[in-house]
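Worksheet: the structure to be examined is printed underneath.
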Amino acid sequence: MSNVISHDFGRSRREDAGENERQEVKALCIYGEEAGYRVGLVEDAGGPEGSVLKVFVGEIDSHEVEAVAVVPSTPAGRMDADAIGIAICRTLEIIAGTGDA
């Protein structure tokens, strides 16, 4: 898997994000909603790395989301993104205590 991770990965973007950094995109799919968060997938062709798929997480009550994984926009990348999205949902289930152990 060849993930594209920016040098500022892990830094809070909410404080630093200006209006020009925000973009509105339509989700390709929503993996689920757990523990107050929504997990989904978008495609972004506007970055320097070319077309990529981004797994995102955001609070259910907000339209703000943050990319937590970036994979190439290929069939193999889509399989990786699906596995990541489902794993994040399961992790949130466990944290919330709503999942079967």
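When you line the sequence shown up against this note's numbering, it's residues 3 to 103, in that order. C-beta: ideal position from N, C-alpha, C; glycine also.
Member of the options whose CA lies at the smallest distance from the CA of residue i
i, options, result
"L43", "V72, Q25 and I97", "V72"
"C31", "G38, A78, E45 and T93", "E45"
"G99", "G38, Q25 and V27", "G38"
Outcome for residue i when other beta-carbon atoms lying within 10 angstroms are tallied against a minimum of 16
i, result
"D82", "buried"
"I90", "buried"
Three-state secondary structure assigned by DSSP to residue i
i, result
"D49", "Per the sequence shown, residue 49 should be read as Gly rather than Asp. Note: G49 maps to strand in three-state DSSP."
"E95", "helix"
"A78", "helix"
"I32", "strand"
"A89", "helix"
Inter-residue spacing [alpha-carbon to alpha-carbon] between residue i and residue j
i, j, result
"A47", "V41", "20 Å"
"I7", "K28", "Low confidence applies here, because I7 scores a pLDDT of 42, under 50, leaving its location unreliable and the question unanswered by this model."
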